[in-house]
Amino acid sequence: MKNLIFINGTMGAGKSAVSRRLRDLLAPCAFLDGDWCWDMAPFTVTDETKEMVQANITAVLQNFLNCSAFQNIVFCWVMQQDSIAEGLLSRLELSDTRVYRFTLEVSEPVLRARLEQDVRDGLRMPDVIERSVARIPLYRDMDTVKIDTDHLTVEQAAGEIAAQVLRSSKT
1128 MKNLIFINGT MGAGKSAVSR RLRDLLAPCA FLDGDWCWDM APFTVTDETK EMVQANITAV
1188 LQNFLNCSAF QNIVFCWVMQ QDSIAEGLLS RLELSDTRVY RFTLEVSEPV LRARLEQDVR
1248 DGLRMPDVIE RSVARIPLYR DMDTVKIDTD HLTVEQAAGE IAAQVLRSSK T
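In the working numbering, the protein residues as written are 1128 to 1298.
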């Protein structure tokens, strides 16, 4: 049985860093960052580009699921509504696959500090801060396992997720 692990959270919650570490902890493991399927200039959000991105994501995830080299597949993306993850999952053939959904939660002060550092480092544009803060409440009621990252290192957050997946995989 394979494990498909979805990691979501607002921008700056630590999804990519935690997912990369989780990939190493759960080897043999493949990792897909949904943003890679959305990397375009100019960044254009239309019905057509949203459909293309979802098709790209599910094609890559399905290829990882079909490949015998991987036991675990980690996917991270900003999925602020259950319907986003459910829509992606509905496109996949998931027989012999356990699906796990985690949300990386972060408080507003910690999120602001992280994103402000990213802006200073040239990794993000300043407008991301308010957009990301506004999304924090959207994750609270989602049907996911919540991981509060305020006082966790990347290693600790990934370790907590890996432990839950490994525990569930044994049953």
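A virtual CB, placed ideally from N, CA and C, is assigned to each residue, including glycine.
Exercise. Would you give the residue range spanned by the beta strand (DSSP E) that residue 1151 belongs to?
Key: Run containing residue 1151: none in the beta strand (DSSP E); it sits in the alpha helix (DSSP H), 1142-1152.
Self-check item: Nearest-angstrom Cβ-Cβ length linking residue 1159 and residue 1184, presumed shorter than 8 Å
Solution: 7 Å
Quiz item: Near residue 1138, which residues of its chain fall below 8 Å by C-beta distance, leaving aside the five closest residues on each side in sequence?
Solution: 1205, 1242, 1251, 1255, 1258, 1259 and 1262
Quiz item: Can you check whether the CB of residue 1272 is closer than 9 Å to the CB of residue 1228?
Solution: yes
Practice problem: Within 10 angstroms of the Cβ of residue 1244, are there 16 or more other Cβ atoms? Answer buried if so, exposed if not. | Solution: exposed
Quiz prompt | Segments of 3+ residues assigned as beta strand (DSSP E) that fall wholly inside the segment 1166-1235 | solution = 1199-1203 and 1224-1232
Self-check item: Beta-bridge pairing of residue 1156 - partner residues as DSSP gives them
Solution: 1199
Quiz item: In whole angstroms, what is the alpha-carbon distance linking residue 1285 and residue 1149?
Solution: 5 Å
Exercise. Could you tell me which of 1141, 1131 and 1129 sits nearest to residue 1277, measuring between CA atoms?
Key: 1141
Quiz prompt | DSSP-derived helix/strand/coil call for residue 1275 | solution = strand
Practice problem: Put residue 1131 into one of helix, strand or coil per three-state DSSP. | Solution: strand
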